[in-house]
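Engineer: Residue numbers (the numbering used here), protein chains in the order written: chain Y, 1 to 309; chain X, 310 to 618; chain S, 619 to 927; chain Z, 928 to 1236.
Number of protein chains: 4
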Amino acid sequence: MTDAAPLLQGIIPPMITPLTGRDQLDHAALDRVIDHIIGGGVHALFVLGSTGEAPSLSTDVQREVVERSAKHVNGRVPLLVGVTDTSYSRSLELAQFSADYGVDAVVLAPPYYTPFHQDDLTRYFAEFAAECPLPVVLYNIPSHCKVSISLDSARELMDVPNIIGFKDSSGDMLYYGQLIKMTEERDDFPLFMGPEQLLAESVLMGGNGGVCGGANLVPSLYVEMYDAAVAGDVRLVHRLQQRILRIAEKLYGVGDPPSGYLKGIKCAMSHVGLCSDHMAEPLHRLTDDKRQTIERNLRELELPIEVTS
Amino acid sequence: MTDAAPLLQGIIPPMITPLTGRDQLDHAALDRVIDHIIGGGVHALFVLGSTGEAPSLSTDVQREVVERSAKHVNGRVPLLVGVTDTSYSRSLELAQFSADYGVDAVVLAPPYYTPFHQDDLTRYFAEFAAECPLPVVLYNIPSHCKVSISLDSARELMDVPNIIGFKDSSGDMLYYGQLIKMTEERDDFPLFMGPEQLLAESVLMGGNGGVCGGANLVPSLYVEMYDAAVAGDVRLVHRLQQRILRIAEKLYGVGDPPSGYLKGIKCAMSHVGLCSDHMAEPLHRLTDDKRQTIERNLRELELPIEVTS
Amino acid sequence: MTDAAPLLQGIIPPMITPLTGRDQLDHAALDRVIDHIIGGGVHALFVLGSTGEAPSLSTDVQREVVERSAKHVNGRVPLLVGVTDTSYSRSLELAQFSADYGVDAVVLAPPYYTPFHQDDLTRYFAEFAAECPLPVVLYNIPSHCKVSISLDSARELMDVPNIIGFKDSSGDMLYYGQLIKMTEERDDFPLFMGPEQLLAESVLMGGNGGVCGGANLVPSLYVEMYDAAVAGDVRLVHRLQQRILRIAEKLYGVGDPPSGYLKGIKCAMSHVGLCSDHMAEPLHRLTDDKRQTIERNLRELELPIEVTS
Amino acid sequence: MTDAAPLLQGIIPPMITPLTGRDQLDHAALDRVIDHIIGGGVHALFVLGSTGEAPSLSTDVQREVVERSAKHVNGRVPLLVGVTDTSYSRSLELAQFSADYGVDAVVLAPPYYTPFHQDDLTRYFAEFAAECPLPVVLYNIPSHCKVSISLDSARELMDVPNIIGFKDSSGDMLYYGQLIKMTEERDDFPLFMGPEQLLAESVLMGGNGGVCGGANLVPSLYVEMYDAAVAGDVRLVHRLQQRILRIAEKLYGVGDPPSGYLKGIKCAMSHVGLCSDHMAEPLHRLTDDKRQTIERNLRELELPIEVTS
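1. Taking the C-alpha atoms as reference points, what is the distance between D962 (chain Z) and L108 (chain Y)?
2. Can you confirm whether S251 (chain Y), when its beta carbon is compared against all beta carbons of chain X, has any partner nearer than 8 Å?
3. Along the chain, where does the alpha helix (DSSP H) containing Y1051 (chain Z) start, and where does it finish?
4. Name the residue from S:P696, S:P733, S:N692, S:G667 whose alpha carbon lies nearest to the alpha carbon of T702 (chain S).
5. On the three-state DSSP scale, how would you describe N758 (chain S)?
6. Taking the C-alpha atoms as reference points, what is the distance between S91 (chain Y) and G361 (chain X)?
7. How many whole angstroms separate the CB atoms of N216 (chain Y) and P13 (chain Y), which I take to be in contact at a CB cut-off of 8 Å?
8. Just to confirm, is the Cβ distance from R1003 (chain Z) to I965 (chain Z) under 8 Å?
9. For D874 (chain S) and chain Z, any beta-carbon pair shorter than 8 Å?
10. So, helix, strand or coil for L901 (chain S), using DSSP?
11. Give the list of continuous alpha helix (DSSP H) stretches no shorter than 4 residues that lie fully inside the stretch 1075-1131 of chain Z.
12. Measure the C-alpha to C-alpha separation of D621 (chain S) and F810 (chain S) and round it to an integer number of angstroms.
13. Apply the 10 Å Cβ neighbour rule to P566 (chain X) and answer buried if 16 or more other Cβ atoms are within range, or exposed otherwise.
14. Give me the residue from Y:L251, Y:H278, Y:D152 with the minimum Cα distance to I265 (chain Y).
15. Find the nearest neighbour of I862 (chain S) within the set S:S894, S:H889, S:D722, S:E819, judged by alpha-carbon distance.
16. Counting only C-beta atoms, is Q680 (chain S) closer than 8 Å to chain X at any point?
17. If we define contact as Cβ-Cβ less than 8 Å, is V543 (chain X) a contact residue for chain S?
18. F973 (chain Z) and G1029 (chain Z): beta carbons closer than 8 Å?
19. Measuring CB to CB, does I149 (chain Y) end up less than 8 Å from P111 (chain Y)?
20. Can you give me the Cβ contacts of L675 (chain S) inside the same chain, cut-off strictly under 8 Å, excluding the 5 residues immediately before and after it?
21. Beta-carbon within less than 8 Å of E611 (chain X)'s beta-carbon, same chain only, minus the 5 sequence neighbours each way: which residues are those?
22. Name, going along the chain, the residues of the stretch 1190-1222 of chain Z whose beta-carbon falls closer than 8 Å to a beta-carbon of chain S.
23. Beta-carbon separation of P1042 (chain Z) and K1073 (chain Z) under 8 Å?
24. By Cβ distance below 6 Å, which residues in the same chain neighbour D987 (chain Z) in space, the five residues on each side in sequence not counted?
25. What span of residues does the alpha helix (DSSP H) with L1189 (chain Z) cover, start to end?
26. In terms of residues, what are the limits of the alpha helix (DSSP H) holding V848 (chain S)?
27. Considering only the beta carbon of each residue, do A981 (chain Z) and L935 (chain Z) sit closer than 8 Å?
28. Output the distance between the C-alpha atoms of G871 (chain S) and V890 (chain S), rounded to the nearest integer angstrom.
29. What in chain Y is Cβ-close to E1111 (chain Z), meaning under 8 Å?
30. Using beta carbons (cut-off 8 Å, strictly below), is M843 (chain S) in contact with chain X?
31. For P945 (chain Z), name the three-state secondary structure that DSSP assigns.
32. Measure the alpha-carbon distance for N692 (chain S) versus C576 (chain X) and round it to whole angstroms.
33. Mind checking whether G194 (chain Y) and V218 (chain Y) have CB atoms under 8 Å apart?
34. Using a Cβ-Cβ cutoff of 7 Å, what residues of the stretch 377-409 of chain X are near chain Y? List them in chain order.
35. Among Z:A1175, Z:M1085, Z:M1132, whose alpha-carbon lies nearest the alpha-carbon of Q1124 (chain Z)?
36. Between D542 (chain X) and A647 (chain S), what straight-line distance do the alpha-carbon atoms span, to the nearest angstrom?
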């Protein structure tokens, strides 16, 4: 990593992208969601990730998100921008655009159309890191990219200048455990967990934080869990884990898989008045009956937020 | 389908995209490749597909390919353009751009980042077909898109206006057999096979043609196979099949999977002077020793083309 | 292969095992089913395969099936016995038992519990072939065994003495096409297709027959299809294929996957009075409403058999 | 659960089966291994599991293992016997045999040849539990059985009399987390973890122990880890985890996947004089060079056992 790179750790919510229609960013909602999340005590903010539906957005909307987020976050927490794309140039241009707006780091997963070999993968990441004006966090999400970052590739890329951290959304704790083992002596190379259901155990085992989608809605809960896990407070971890699992069940489990998570979180956020539940194509908002189920479940969950709808 | 839609059948090569560097289209090579392919007697041409590395190209290069191909094909055969993208707007804009240049139809696979449900899929395709100024050929390629077009979705989408055909690259003949059964009474709804190794049997069983990557190199071989299969000349089919399988083995099997096919075909084309073997990132050309293996294999194959390098 | 080995080809039905209760073989039904199948003109008979629920049967019942089948077939057609097991000794003992009763060949798939490497697989098959008193037909069925016989392993095993043929139930025509290419010059090494929906194309492309489950019910249909494909009569193939696909849809598609095929075939056979639909655990017969659906569908199919129930 | 059922928890090693040749049990080694394992302070012993190569053994050898183990353990710790089989009768007979020898419980995974539906699965387990003379621990190992015990099935089976616990070898902590949530209020229904690399975190999150293969070699290490995790001593957990991961890397990672674990553990045990490394077919012992690598690695690991070979 470079000297200028931020030392990331803790809860870094992958922000949803509030939309009012196709390619219509909701600026006011964007500000509102940012304030809501930062107000929950999170350690950084990540826009244009999978939860932000980034690949479904037009280039213009992606840039609007970066510009507006950078201005509104205004240095309160580090800001990360997802620049994953199937086109190398588009990724690089978005990184350059982000640099112009003072973003702190970019997050990069493998290009996600053509499957390719690990040799191409390591070369791709190394080339990108060399050309990128911002530090790069690697992102492993084989459910979306098909290509996984192998443990050998991860080991090699960890030593590449300008690559400063790793987010893993594989959900595979055997893999994650190997990453922890690899970075045991690397205080400057943080590891982040994707699925929020695995936040606690990943931190208990030596990970450095989580990119928890649920933190769009209840940021403080995930911050509290992170703190409990860092402190090794297993009893508190168990209690909070039950709440986190109930959120997953009651909000993400309503819509049909495999996109019930994305639709559920946005629907729940619409019920508490944070934003609309408009989804970018190919997704569509939940049907009315499922919207109502989410509302009912939200009340049941008794989260520390007000359900307004 | 609409009255204006072309009735597609036969061999529709998925054209490679000749590049000289990152985002540098090789215009002269493009013309050369087009003439080479059409000279082989193919029935139509398909640009910006998976073999054309379309998702890896910048929007500008994609448009150059469309414009230049449309001008150079100049109506000699129907021209199809792949418009698959994770962004609905980008797909639609490329379709509109294609319509402006007189393209005959577009080919559309599911958006390929976020996995989603069949309900979203059918809605996505139906909405796109309604807005698209050109007829739409559906494209099923679960190895790249993760989401497969289910048989139920295919049945539903077949009746949607402006959807005029189906290309399947699943490699699953049980699935393809069901498609054939479904379209038995639909002379106006052609079915195309992706993997060229399955061209013969798919046509023997009732399919309507193939999108054969090898036809970039030896178009006449695949045309001959198509004709043999249509004629039910099983003896000739067997003989040609051995040649097609040897091409796959000797050219696509040299580079490491899973991209050995793409690299092999472009490398072979460079050896016969059709274009450079520059690949769009994240792919990279074959190493020198593998390039030489391809050259040696090309000579062994004794294809009806001159190896110049 | 050895001189004594039978030259297998054509339709070799995988016989169901008629049961009246747990570990209770229905001897009369066994005879009836054998006569029914042989009466349809099939080329050989295969007992104790996957369709015969062999791994679910006790060793005693397996032996009863071998003994009774051998006596009742009585040389009318070659008899093959599946001896696949996770225990090498149990496989060998069943092969020896089969040899004592004049069986013609055994069929052997990989042991199906622990996943293992291809080196162990080739060694396993070669050792077994050397010790086995009967010729061995290899059986590839990765959906059940997890371990697939790789193409390299298949190539190696083809030359092992006492291995005389190959049955593939992978459903992967790219794989099967490679097997055909490999055995092009081997008239003495037949290739058989598992899924009956792929019988026609596999024979059209050069395969040697099929192990069609539906031939338990309508043996003559599959024999007719085999003959049509051998003759290259594509028009007749298309017509018969529609019937074969309808059988799959109407009889195998009623029960929940993945065992709808097994339950459907046995249920249909019970409706025509061939045997009971009792299944070996862990399977259970179809529920009453599904039994009735099968009966209705059977009548609709207008097969050349009488529905008695 | 029944009143008579043992309350299981802690480390329950899946004992390897010491063999001297095909179907030749090494009785002296069996005693030695049992003493070695119990001497390490484990909480129970599990014979005839996957690590014990049970499905590859003949029925006679399986019975010898039960009889000899029961006699030699002699009540020092609870004894569990794996009775998983594709034949219901064989499973039940082994359970009855085990009951006759005073075994404490049986462990049962789904039958592992034919894939089947969850309805058949729950019915299978419930029927078996009702007929089985011993308490039943459910065992989920989709890598070997293909069929997974779904969360809904697990929830249903948890309430079935005579089913007293659950061992999960899926390696999927999202799944395991749900099991923990389900059994939160069930002190009498313990959950065990298969892969030893996940022992610590599963116990930290609320699980009740592990079936650790490495405990054949160094039982005390896994007992220590279990104690550390129960105590919430995260610092000690981290230190022990590094050792457990190094064992996996240095001993299980030498042989080719997917059976490197089984071969490595038995090879290591042969180097410390506990037993021969003879494997049951289809597996074969490691080659000489890999045997030497294991020996070298064993010395490097500096485990609290003497390497004698």
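All residues carry an ideal CB built from backbone N, CA and C; glycine is no exception. Owing to the predicted nature of the structure, the values given are computational and were not obtained by experimental measurement.
Structural biologist: Let me lay it out:
1. As a working note, residue 962 (chain Z) is residue 35 in the fourth sequence. As a working note, residue 108 (chain Y) is residue 108 in the first sequence. If you take the alpha carbons of D962 (chain Z) and L108 (chain Y), they lie about 52 Å apart.
2. On the first sequence, residue 251 (chain Y) is found 251 positions in, with the first residue counted as 1. For the sequence presented, residue 251 (chain Y) should be read as Leu rather than Ser. So, not an interface residue.
3. Residue 1051 (chain Z) sits at position 124 when you count from the first residue of the fourth sequence. 1045-1058 is the span of the alpha helix (DSSP H), which, as asked, contains Y1051 (chain Z).
4. Working through the third sequence from its first residue, we reach residue 702 (chain S) at position 84. The option with the nearest alpha carbon to T702 (chain S) is S:G667.
5. Reading the third sequence from its first residue, position 140 is the one you call residue 758 (chain S). Three-state result, N758 (chain S): strand.
6. To locate residue 91 (chain Y), count along the first sequence from 1; it is residue 91. To locate residue 361 (chain X), count along the second sequence from 1; it is residue 52. About 20 Å.
7. Residue numbering aside, residue 216 (chain Y) sits at position 216 when the first sequence is read from its first letter. Residue numbering aside, residue 13 (chain Y) sits at position 13 when the first sequence is read from its first letter. Going by Cβ atoms, the distance from N216 (chain Y) to P13 (chain Y) rounds to 6 Å, so yes, they are a contact pair.
8. The count along the fourth sequence starts at 1 and reaches residue 1003 (chain Z) at position 76. The count along the fourth sequence starts at 1 and reaches residue 965 (chain Z) at position 38. Yes, Cβ-Cβ distance for R1003 (chain Z) and I965 (chain Z) is below 8 Å.
9. Looking up residue 874 (chain S) in the third sequence gives position 256. Closer than 8 Å to some Cβ of chain Z, the Cβ of D874 (chain S) qualifies, so yes.
10. Residue numbering aside, residue 901 (chain S) sits at position 283 when the third sequence is read from its first letter. In this structure, L901 (chain S) counts as coil in the three-state DSSP scheme.
11. 1078-1084, 1100-1109, 1126-1131
12. Position 3 of the third sequence, counting from 1, holds the residue named residue 621 (chain S). Position 192 of the third sequence, counting from 1, holds the residue named residue 810 (chain S). In this prediction, D621 (chain S) scores a pLDDT of 48, lower than 50, which makes its location untrustworthy; no coordinate-derived value is stated.
13. Sequence index remark: in the second sequence, residue 566 (chain X) carries index 257 (1-based). Per the 10 Å Cβ criterion, exposed.
14. One-based indexing of the first sequence puts residue 265 (chain Y) at position 265. Ranking Y:L251, Y:H278, Y:D152 by Cα distance to I265 (chain Y) puts Y:L251 first.
15. Taking the first residue of the third sequence as 1, we reach residue 862 (chain S) at position 244. Checked all of S:S894, S:H889, S:D722, S:E819; the closest Cα to I862 (chain S) is S:E819.
16. Against the third sequence, residue 680 (chain S) aligns to sequence position 62. Output row for Q680 (chain S): interface = no.
17. On the second sequence, residue 543 (chain X) is found 234 positions in, with the first residue counted as 1. It does; some Cβ of chain S falls within 8 Å.
18. The sequence position of residue 973 (chain Z) within the fourth sequence is 46, counting from 1. The sequence position of residue 1029 (chain Z) within the fourth sequence is 102, counting from 1. Not in contact: F973 (chain Z) and G1029 (chain Z) (Cβ atoms no closer than 8 Å).
19. The sequence position of residue 149 (chain Y) within the first sequence is 149, counting from 1. The sequence position of residue 111 (chain Y) within the first sequence is 111, counting from 1. Not a contact, by the Cβ cut-off of 8 Å.
20. Translated into the one-based positions of the third sequence, residue 675 (chain S) becomes position 57. Correct list, in chain order: T635, D641, L666, V683, A898.
21. Working through the second sequence from its first residue, we reach residue 611 (chain X) at position 302. Excluding sequence neighbours, E611 (chain X) sits near nothing in its chain.
22. A1207, E1208, P1209, L1210, H1211
23. Indexing the fourth sequence from 1 puts residue 1042 (chain Z) at position 115. Indexing the fourth sequence from 1 puts residue 1073 (chain Z) at position 146. Their beta carbons are under 8 Å apart, which means P1042 (chain Z) touches K1073 (chain Z) by this criterion.
24. Residue numbering aside, residue 987 (chain Z) sits at position 60 when the fourth sequence is read from its first letter. Closer than 6 Å at the Cβ level, and outside the excluded window around D987 (chain Z), lies no residue.
25. For the purposes of this step, residue 1189 (chain Z) is identified with residue 262 of the fourth sequence, where counting begins at 1. Element bounds for L1189 (chain Z): 1187-1198.
26. Looking up residue 848 (chain S) in the third sequence gives position 230. 837-848 is the extent of the alpha helix (DSSP H) around V848 (chain S).
27. For the purposes of this step, residue 981 (chain Z) is taken as the residue at position 54 of the fourth sequence. For the purposes of this step, residue 935 (chain Z) is taken as the residue at position 8 of the fourth sequence. No.
28. Looking up residue 871 (chain S) in the third sequence gives position 253. Looking up residue 890 (chain S) in the third sequence gives position 272. So the alpha carbons of these two residues sit roughly 18 Å apart.
29. If you number the fourth sequence from 1, residue 1111 (chain Z) lands on position 184. Correct list: Q242.
30. What you label residue 843 (chain S) is simply residue 225 of the third sequence in a count that begins at 1. Not closer than 8 Å to any Cβ of chain X, the Cβ of M843 (chain S) fails to qualify, so no.
31. One-based indexing of the fourth sequence puts residue 945 (chain Z) at position 18. Residue state, collapsed to three classes: coil.
32. For this step, residue 692 (chain S) is matched to residue 74 along the third sequence. For this step, residue 576 (chain X) is matched to residue 267 along the second sequence. Approximately 60 Å between the Cα atoms of the pair.
33. By 1-based counting over the first sequence, the position of residue 194 (chain Y) is 194. By 1-based counting over the first sequence, the position of residue 218 (chain Y) is 218. Cβ atoms of G194 (chain Y) and V218 (chain Y): not closer than 8 Å.
34. T395, S396, Y397, S398, R399
35. As a working mapping, residue 1124 (chain Z) is identified with position 197 in the fourth sequence. Answer by Cα proximity: Z:A1175.
36. Indexing the second sequence from 1 puts residue 542 (chain X) at position 233. Indexing the third sequence from 1 puts residue 647 (chain S) at position 29. Their Cα atoms are separated by approximately 44 Å.
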